[in-house]
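Asker:
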Amino acid sequence: MTRTPQSRLVGRIDGDIVGILLLAALLVIVLPLGLDIFRLNMVGKYLTYAFVALGLVLCWGSAGILSLGQGIFFGIGGYCMAMFLKLEASSPEATKIQSTPGIPDFMDWNQLKELPWFWEPFHSLTFATIAVVAVPALLAFIVGLAMFKRRVGGVYFAIITQAFAAILTILIVGQQGYTGGINGITDLRTLKGWDIRTDEAKLVLYFVNAALLIGCILLCLYVRRSKLGRILVALRDKEDRVRFSGYDVANFKIFVFCFAAALSAVGGAMFTLQVGFMSPSFVGIVPSIEMVIYCAVGGRLSLLGAVYGTLLVNWAKTMLSESFPELWLFAMGALFIGVVMVFPNGLAGLYQQFIAPRLRRTAAGRVDEAADAGAPIIPPHTAAD
Amino acid sequence: MANSTDYLLAVEGLTVSFDGFKAVNDLSFYVDSNEIHVIIGPNGAGKTTVLDLICGRTKASGGSIKFRNKELTAMKEHQIVKAGVGRKFQNPSIYDDLTVFENLEISYPRGRTVFGALAFKRDAAVRERVAEIAEMIFLADNLDQRAEYLSHGQKQWLEIGMLLIQDPELLMLDEPVAGMSVNERRKTAELLNKIIQNRSVLVIEHDMKFVEDIAHRVTVLHQGKILSEGSMERVKNDPKVVEVYLGH
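In the order they appear, the protein sequences are chains V and W.
FYI, the UniProt record's numbering numbers position 169 of the first sequence as 169, with every residue one higher than the one before it.
FYI, the UniProt record's numbering numbers position 23 of the second sequence as 23, with every residue one higher than the one before it.
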């Protein structure tokens with residue numbers, strides 16, 4: 001009469017893949033056909049935040065570790081890419097009017113006479129690409145090691161990540177000669193001689209970004225469906241039980257924090273490529289919290305929900321800022337309160353509660369209307385999903 | 001293996017103090033292989049603290065805990081588990097958001113490192129073992145149910161099952177029948193008698209009827225010290241025990 005657990009599981013697996021295919025269709029077919037290049041580039045920019053939101057789904061949603069400092073990793077990823085692009089844009093010919101040709105313009109303005117040592121390796125695209133992922137992951141590893149091995153968690157961890165975000169912003173702004181300061185690294189032009197400012201380049205980068213995002217969603221799906229994914233949920237719930245089942249809990253937390261950091265950094269690098277600059281305004285406390293809101297609105301337990309949430313909130317932000325710029329912060333605050341009070345599992349939670357059961361009923365009804373009439377509604381997949 | 005002078009678990013001179021208050025004071029006791037050892041005592045006697053000390057949740061201020069001649073006080077919690085000590089908490093400590101199957105699977109002793117867990121495959125060996133344990137803990141029909149929806153008694157059994165799947169040599173249970181119905185209690189005693197094959201069990205319990213049913217040896221704790229020790233018969237008739245604990 002009712003479906004067996006086995007078929008229910010199969011139905012769910014299909015559901016995830018179907019959802020990803022639908023998102024892929026939206027990103028690579030519907031939006032490119034429906035939007036001009038200016039708007040499409042804007043969507044591409046929003047999608048770079050979706051990488052951060054994906055990381056938060058694993059870190060915060062699955063494992064219950066709220067980080068209010070994901071901007072750190074987004075920013076470092078972005079800066080690593082920007083450093084490479086800036087060096088390419090600062091060839092001796094292009095910068096011959098400077099007092100020291102061949103170094104980035106802002107260094108010249110700050111009376112630097114030679115390229116700092118840590119900039120040197122960023123002449124190599126291979127190094128820069130590796131650094132995009134490796135540097136944030138390493139930093140997350142160190143922070144995670146220091147915090148989780150000492151069993152710092154919950155709100156204390158959130159506050160510490162926020163402090164790190166503030167520290168990094170201050171560092172970047174203060175070390176103007178090495179980092180470009182408050183303006184960030186601007187005036188990026190070419191990637192291996194390919195001009196990234198043209199419409200064609202923006203279109204190509206949009207598709208690269210979309211493909212990377214789908215790839216990252218699949219990667220996250222793999223992690224969530226592995227035993228590691230279930231251990232994360234278990235330790236969110238009963239950390240001690242996991243510990244006394246023979247697991248070194250801290251290692252799992254460090255892993256998921258590093259993983260989320262690496263994802264954010266990929267988003268940051270794609271941001272730099274598509275928008276053409278990187279600045280400390282994407283690193284600090286406010287952007288970091290905004291990123292958490294994207295994830296919360298979409299649903300912190302759902303990978304796809306987080307992507308849609310990111311798109312929707314950013315779209316609303318753009319619309320609102322275009323017409324009523326002063327209202328955006330209030331709207332964002334209201335949104336956050338709304339999510340926390342009214343729909344804690346975000347849009348994905350609403351979908352699972354109201355739309356999914358209806359879809360299931362319709363789908364099942366087509367197969368066997370009579371048999372399904374008495375089928376119990378599966379409780380909303382709040383957490384394990 | 002252990003001979004008569006070589007206990008499975010030897011606790012000697014164990015002391016822990018919280019801000020000067022000695023919750024456990026110079027405590028020594030021994031657990032044999034294949035023994036059901038019950039710790040009883042009034043509230044605040046330090047019973048749960050003793051289990052916390054053995055499993056590494058609380059660090060001892062002094063003394064030693066030797067498990068198969070390995071010193072546990074210097075080990076981390078997960079290492080103690082790997083050495084063969086399993087611990088059940090007082091309140092059912094299970095993962096509400098996962099199914100019964102997944103709860104048991106997480107405790108299956110394989111793939112306990114980060115990358116081991118990523119590569120873990122749910123193969124036939126895992127499924128068979130989970131099914132076997134589920135049968136034993138009366139939850140064979142509930143494998144795909146979310147643990148949240150189990151009854152209180154079933155949750156207690158599930159946690160016992162999560163420990164059994166690790167196959168520990170020493171199983172520590174903190175009030176396993178608290179809050180259970182008479183029927184559930186009977187089944188739990190049956191379960192415990194079934195699972196003691198090839199392992200020792202250290203139990204904290206208040207229910208005297210239950211203790212009499214299962215205990216091989218009883219230790220009575222009072223204010224962090226041993227008040228009396230021996231068979232249930234002996235302990236029950238010890239005037240000191242009657243005065244502080246059983247005298248009602």
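Just so you know, even glycine gets a beta-carbon here, dropped at the ideal spot from N, CA and C.
Keep in mind the model is a prediction, meaning the values are calculated, not measured.
Can you tell me whether DSSP reads Lys192(V) as helix, strand or coil?
Answerer: The answer is coil: DSSP assigns Lys192(V) none of H, G, I, E or B.
Asker: To be precise: take each residue of the segment 218-229 of chain V, compare its Cβ to all Cβ atoms of chain W, and keep it if any distance is under 9 angstroms. Which residues remain?
Answerer: Tyr222, Val223, Ser226, Lys227, Leu228, Gly229
Asker: Do the segment 19-37 of chain W and the segment 221-232 of chain W touch if we need at least three Cβ pairs shorter than 8 angstroms?
Answerer: yes
Asker: Taking the C-alpha atoms as reference points, what is the distance between Trp157(W) and Arg68(W)?
Answerer: 27 angstroms
Asker: Please tell me whether Gly246(V) has its Cβ less than 8 angstroms away from any Cβ of chain W.
Answerer: yes
Asker: Are any of the Cβ atoms in chain W nearer than 8 angstroms to that of Asn251(V)?
Answerer: yes
Asker: Buried or exposed for Pro136(V), please, with buried defined as at least 16 other CB atoms from any protein chain shown within 10 angstroms of its CB.
Answerer: buried
Asker: In this structure, how does DSSP classify Val283(V) when only helix, strand and coil are distinguished?
Answerer: coil
Asker: In or out: Glu88(V) buried (at least 16 other Cβ within 10 Å) or exposed?
Answerer: buried
Asker: Taking Thr179(V) as the reference, which of Ala128(V), Ile76(V), Val313(V), Gln162(V) has the closest Cα?
Answerer: Ile76(V)
Asker: Would you mind working out which of Lys86(V), Gly267(V), Lys113(V) sits nearest Val133(V), comparing C-alpha positions?
Answerer: Gly267(V)
Asker: In chain V, which residues lie with their C-beta within 7 angstroms of the C-beta of Ala117(W)?
Answerer: Ser226, Lys227, Leu228, Ile231
Asker: Going by DSSP, name the residue or residues bridged to Met319(V).
Answerer: The partner list for Met319(V) (beta bridge, DSSP) is empty, contrary to what the question assumes.
Asker: Indicate whether at least one CB of chain V lies closer than 8 angstroms to the CB of His216(W).
Answerer: no
Asker: Kindly confirm or deny that the segment 292-308 of chain V and the segment 100-108 of chain V touch, where touching means at least three C-beta pairs closer than 8 angstroms.
Answerer: no
Asker: With respect to the beta strand (DSSP E) encompassing Tyr30(W), which residues constitute its N-terminal and C-terminal limits?
Answerer: 21-31
Asker: Would you say Arg300(V) lies against chain W (beta-carbon separation less than 8 angstroms)?
Answerer: no
Asker: Taking Cβ positions, are Phe141(V) and Met83(V) nearer each other than 8 angstroms?
Answerer: no
Asker: Taking only three categories from DSSP, how would you classify Ala178(W)?
Answerer: coil
Asker: Could you work out which residue in Asp238(W), Asn34(W), Ser151(W) is closest to Leu170(W) when comparing CA atoms only?
Answerer: Asn34(W)
Asker: Give a yes or no on whether 8 angstroms exceeds the smallest Cβ distance from Ile65(W) to chain V.
Answerer: no
Asker: Could I get the ranges of all uninterrupted alpha helix (DSSP H) runs contained in the segment 74-155 of chain W, with 4 residues as the minimum, in chain order?
Answerer: 77-83, 100-107, 114-119, 124-136
Asker: Between Ala296(V), Arg197(V), Arg358(V), Ser321(V), which lies nearest to Val340(V) when the distance is taken from Cα to Cα?
Answerer: Ala296(V)
Asker: Apart from the five residues on each side of it in sequence, which residues of its chain come closer than 7 angstroms, Cβ to Cβ, to Pro92(V)?
Answerer: Pro101, Gly102
Asker: Are the beta-carbon atoms belonging to Val50(W) and Pro168(W) less than 8 angstroms from one another?
Answerer: no
Asker: Hey, quick one: how far does the alpha helix (DSSP H) through Ser64(W) stretch, first residue to last?
Answerer: Run containing Ser64(W): none in the alpha helix (DSSP H); it sits in the beta strand (DSSP E), 62-67.
Asker: So, are the CB atoms of Leu221(V) and Val114(W) less than 8 angstroms apart?
Answerer: no
Asker: Taking only three categories from DSSP, how would you classify Lys236(W)?
Answerer: helix
Asker: Who are the neighbours of Ala234(V) on chain W, taking C-beta pairs under 7 angstroms?
Answerer: At a beta-carbon threshold of 7 angstroms, the residues of chain W lying near Ala234(V) are Tyr95, Leu98, Ile106, ordered along the chain.
Asker: Output, in chain order, the set of chain V residues within a Cβ distance shorter than 7 angstroms of Glu77(W).
Answerer: Correct list: Arg243, Phe244.
Asker: Whole angstroms are fine: how far does the CA of Ile17(V) sit from the CA of Ala364(V)?
Answerer: 19 angstroms
Asker: Thinking just about the alpha-carbon of each residue, which of Asn345(V), Leu58(V), Arg225(V), Thr318(V) is nearest to the one in Ala262(V)?
Answerer: Leu58(V)
Asker: Taking 8 angstroms as the CB-CB limit, is Phe84(V) close to chain W?
Answerer: No, Phe84(V) lies away from the interface with chain W (no Cβ there is under 8 angstroms from its Cβ).
Asker: Grab the span of the beta strand (DSSP E) containing Ile229(W) for me, first residue to last.
Answerer: Here the sequence assigns Glu to residue 229(W), which means Ile is not the residue at that position. 225-230 is the extent of the beta strand (DSSP E) around Glu229(W).
Asker: Nearest by alpha-carbon distance to Gln274(V): which of Ser124(V), Met147(V), Gln352(V), Leu203(V) is it?
Answerer: Leu203(V)
Asker: Are the beta-carbon atoms belonging to Lys194(W) and Met136(W) less than 8 angstroms from one another?
Answerer: A distance below 8 angstroms separates the beta carbons of Lys194(W) and Met136(W).
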